Amino acid sequence: MADTVYNFDVVKEDGKLYSLATLKGKIIIIVNTATKCGFAPQFEELETLYRTYGDKGLVILGFPSNQFKQEVDSSHEAAEACRLTYGVSFPMHQIIAVNGKNTDPLFKYLKQNTPSPLGSTIKWNFTKFLVGRDGVPVKRYAPKTRPQDMTADIERLL
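Residue numbering for the sequence shown follows UniProt numbering, beginning at 1 and increasing consecutively.
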């Protein structure tokens with residue numbers, strides 16, 4: 001089992017594979033997203049956090065998932081919708097599974113390492129994971145938690 005998120009490789013929406021080890025020393029928010037979700041306006045708040053704290057070491061990584069039937073058909077289309085509709089400039093990734101037997105390994109790790117009343121299940125889109133500079137998950141936030149409500153936790157880690 002991985003000790004940190006730095007042990008995982010992920011794929012950007014354009015198909016480029018990279019290691020999360022390239023983000024060592026950064027604070028990371030990892031979020032499963034869906035452009036057709038009622039929580040999609042959170043993209044704007046996530047972008048505000050990214051622009052506010054990015055120069056201090058915050059990175060936000062969006063991972064589209066269609067497990068809740070609220071995402072478009074392609075990773076590129078999802079990323080384009082985020083950019084055009086919500087002004088997203090943070091990295092978006094390939095569409096992944098966040099639950100079930102095909103769960104993406106990164107999300108399996110995140111779920112196992114952050115306490116939740118739901119156990120190892122992600123309830124809905126826009127579940128957010130805050131990861132410290134050491135690559136260890138610090139906290140899991142429910143979909144209904146607005147990104148701006150994460151500010152105090154982010155500032156403590158900065």
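Note that CB positions come from ideal geometry on N, CA and C, so glycine has one too.
This structure is a prediction, so every number in the text was calculated from the model and none was measured.
Item to complete: Using alpha carbons as the reference points, say which of Leu130, Pro115 and Asp73 lies closest to Glu155.
Response: Ranked by how close their Cα comes to the Cα of Glu155, the residues Leu130, Pro115 and Asp73 have Leu130 in first place.
Discussion item. Measuring straight from C-alpha to C-alpha, what distance separates Tyr86 and Leu46?
Written reply: Put simply, the backbone Cα of Tyr86 is about 10 Å away from that of Leu46.
Fill in: Helix, strand or coil at Pro143 [DSSP, three-state]
Coil at Pro143, not helix or strand.
Discussion item. Any contact between the segment 46-60 and the segment 104-118? By contact I mean 3 or more CB pairs, one from each, below 8 Å.
Written reply: The segment 46-60 makes no contact with the segment 104-118; the number of CB pairs closer than 8 Å stays below 3.
Fill in: Member of Leu20, Asp9 and Asp14 whose CA lies at the smallest distance from the CA of Gly135
That would be Leu20, whose Cα lies nearest to the Cα of Gly135.
Worksheet item: Once you ignore the five residues that flank Ile30 on each side, which residues in its own chain have a CB closer than 6 Å to its CB?
Response: Closer than 6 Å at Cβ, skipping near neighbours: Leu61 and Phe129.
Discussion item. Give me the residue from Gly132, Phe126 and Thr33 with the minimum Cα distance to Asp153.
Written reply: Nearest option by C-alpha distance: Gly132.
Worksheet item: If you check the beta carbons only, do Arg140 and Ser120 fall under 8 Å apart?
Response: It is not a contact, given that the beta carbons lie outside the stated cut-off.
Discussion item. Quick check on DSSP: helix, strand or coil for Asn32?
Written reply: In the displayed model, Asn32 falls within a strand according to three-state DSSP.
Worksheet item: Any idea if Glu71 is buried or exposed, counting beta-carbon neighbours within 10 angstroms, 16 or more meaning buried?
Response: Result: buried.
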